[in-house]
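For the sequence shown, the positions run 364 to 419 when this note's numbering is used.
One structure is given here, and the rest of the page talks about it.
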Amino acid sequence: MKTSKRAPKLLLAARYQAEARRLAGCPSSIERQFLSVSLAKGKELEPVGLMAGVRT
Numbered sequence: 364m365k366t367s368k369r370a371p372k373l374l375l376a377a378r379y380q381a382e383a384r385r386l387a388g389c390p391s392s393i394e395r396q397f398l399s400v401s402l403a404k405g406k407e408l409e410p411v412g413l414m415a416g417v418r419t
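Okay, structure coming up:
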């Protein structure tokens with residue numbers, strides 16, 4: 364029987380996080396502007412009820 368190699372959970376999580384950042388790429392200028400406005404305005408402009416979508 365072979366013994367399986369076990370990677371520590373923190374190492375595995377860091378590896379997945381690095382891969383996700385690599386695949387995500389750089390945000391465009393429109394995306395950066397959208398994020399900066401959303402950070403400045405806060406949650407008061409978030410949709411609620413049916414506009415927010417169906418809960419699952």
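Yeah, the Cβ is synthetic: ideal placement off N, Cα and C, and Gly gets one too.
All of these numbers come straight from a predicted model, not from anything done at the bench.
- When only Cα atoms are considered, LEU375 and ALA381 end up about 10 Å apart.
- DSSP places ALA370 outside both helix and strand once states are collapsed to three, so it counts as coil.
- Between PRO390 and LEU402, the CB-CB gap reaches or exceeds 9 Å.
- Under the three-state reduction of DSSP output, GLY416 falls in the coil class, being neither helix nor strand.
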